[in-house]
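Data block below; observations after.
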Amino acid sequence: MITPTVIMLSAALVVSIVVLAKGSDMFTEGSKELAHILRITYTVVGILVVSISTTLPENTVSIYSAATGSPDVAFGNAIGSIIFNVGVALAINGIIRRGRVLDKHVYIEDVPVMITMTALAWIFSYVDGILSRAEGLVLLLIGIMYYVYRFRSSRGSMNKEGRAEEDV
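So for the sequence shown, this note's numbering puts the first residue at 1127; every next one is plus one.
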């Protein structure tokens, strides 16, 4: 039976999806504009700005989980996020675009860092079942160094289509 509550919840869901779609569009366009202002490629703005912005809620959950004695939730969130982003987000991008999606620098500079960071997290935690503070700091420092390097190395390398100059 369709009740007023079901109708209201359905309407709220539809409105939420519309608002999310419009917000995503605005966020994407704003990110592209930021790439132009900073003279960095769209890929790099995705790596440096979009990824950090969109993972803040899940990182808040992970930090809270770890701080309140549930590190398994934090670790599971990180692993699940990697699997979802690679297995779903990149897959859908490839299905929709059906062509070259990434600048060659992504394959040379970014994918190896992603694989290395994932492998290190696995090695650190697999050996003794614990990700220690020192190991966490190693991962954090590698991440910070990567972001700083990637930002500096991409400055001024964007053409009008948002691609690295060498890729055109």
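All C-beta atoms, glycine included, are put in the ideal place defined by N, C-alpha and C.
request  = Return the CA-CA distance between T1169 and D1229, expressed in angstroms with no decimal places.
outcome  = 7 Å
ask   = Quick one: Cα of F1201 to Cα of S1188, how far?
value = Cα to Cα, the separation comes out at about 7 Å.
ask   = What separation, rounded to the nearest whole angstrom, lies between the Cα atoms of A1192 and I1268?
value = Answer to the nearest angstrom: the Cα atoms are 21 Å apart.
query = Within 10 angstroms of its Cβ, does A1147 collect 16 or more other Cβ (buried), or is it exposed?
reply = exposed
ask   = Between which two residues does the alpha helix (DSSP H) containing R1224 stretch?
value = Taken as a continuous stretch (DSSP letters only), R1224 belongs to no alpha helix (DSSP H), as it is neither H nor E.
message = Tell me which residues share the same chain as V1171 and place their Cβ nearer than 8 Å to its Cβ, disregarding the 5 neighbours each side in the sequence.
response = Around V1171: S1157, K1158, L1160, A1161, L1164.
task = Could you work out which residue in G1195, L1174, I1205, I1166 is closest to E1184 when comparing CA atoms only?
result = I1205
Which listed residue (V1145, I1166, L1182) has its alpha carbon closest to that of N1203 = L1182
inquiry  = Distance check for A1260 and M1152, CA to CA, integer angstroms please.
reply    = 39 Å
Burial state of R1278, where buried means 16 or more other Cβ atoms lie within 10 Å = R1278 sits exposed, since fewer than 16 C-beta atoms from the chains shown fall within 10 Å of its C-beta.
request  = Write down the C-beta distance between I1301 and S1258 rounded to the nearest angstrom, noting that I regard them as a contact closer than 8 Å.
outcome  = Past the edges of the chain, shown from 1127 to 1294, lies residue 1301, and the structure says nothing about it.
request  = Keeping to the same chain, check which residues put their C-beta closer than 7 Å to that of E1292; ignore five residues upstream and five downstream.
outcome  = Low confidence applies here, because E1292 scores a pLDDT of 47, under 50, leaving its location unreliable; read the following figure in that light. Once the five neighbours on either side are set aside, E1292 has no close Cβ partner at all.
task = Pick helix, strand or coil for T1129, following the three-state DSSP scheme.
result = coil
Range of the contiguous alpha helix (DSSP H) that encloses Y1272 = Element bounds for Y1272: 1259-1280.
task = Report the three-state DSSP secondary structure of T1167 (helix, strand or coil).
result = In this structure, T1167 counts as coil in the three-state DSSP scheme.
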